[in-house]
Amino acid sequence: WKLRLQPTPPGWLDLALGVPIMDTGRIREELGWEPRKSAEEALLELLEGLRDGAGAPTPPLDPGAGGPLRIKELLQGVGARN
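Residue 114 is where the sequence shown starts when you use our numbering, and the numbers rise one by one after that.
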């Protein structure tokens, strides 16, 4: 952000830094739960999926359903306020 590589307003950085960190201590203690992936592994998998255009056969996760392909929804007023 400080290198100005991405034109992002400072408020977005404040928003990201204000995200709460999840404490999994209770679920570990009460249910014996353990994560399958570390936070770093999950982040890397997310970034790899974005890079590779990965998705799933549901509208929100379909890599071919976004961007210009959703213009019909906008023209029909989907998501508009009443």
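Yeah, the Cβ is synthetic: ideal placement off N, Cα and C, and Gly gets one too. Note that the structure is predicted; figures quoted are calculated from it, not measured.
Next on the checklist: Quick check: the Cα distance between Glu158 and Gly166, rounded to an integer number of angstroms?
Outcome noted: As a working note, residue 158 is residue 45 in the sequence shown. As a working note, residue 166 is residue 53 in the sequence shown. Rounded to the nearest angstrom, the two C-alpha atoms are 12 angstroms apart.
Next on the checklist: I believe Gly168 touches Leu160 by the beta-carbon criterion, under 8 angstroms. Please report the beta-carbon distance rounded to the nearest angstrom.
Outcome noted: By one-based count along the sequence shown, residue 168 stands at place 55. By one-based count along the sequence shown, residue 160 stands at place 47. Not really, about 15 angstroms apart at Cβ, beyond 8 angstroms.
Checklist entry - Is Glu147 helix, strand or coil by DSSP? => result Here residue 147 corresponds to residue number 34 of the sequence shown, with the count starting at 1. In the structure shown, Glu147 sits in coil (DSSP, three-state: anything other than H, G, I, E or B).
Checklist entry - In chain order, what residues of the same chain have a beta carbon less than 8 angstroms from the beta carbon of Thr137, not counting five sequence neighbours either side? => result Here residue 137 corresponds to residue number 24 of the sequence shown, with the count starting at 1. Excluding sequence neighbours, Thr137 sits near Trp146, Pro148.
Next on the checklist: In this structure, how does DSSP classify Ile140 when only helix, strand and coil are distinguished?
Outcome noted: Residue mapping note: residue 140 aligns to position 27 of the sequence shown, counting from 1. Here Ile140 sits in helix by DSSP.
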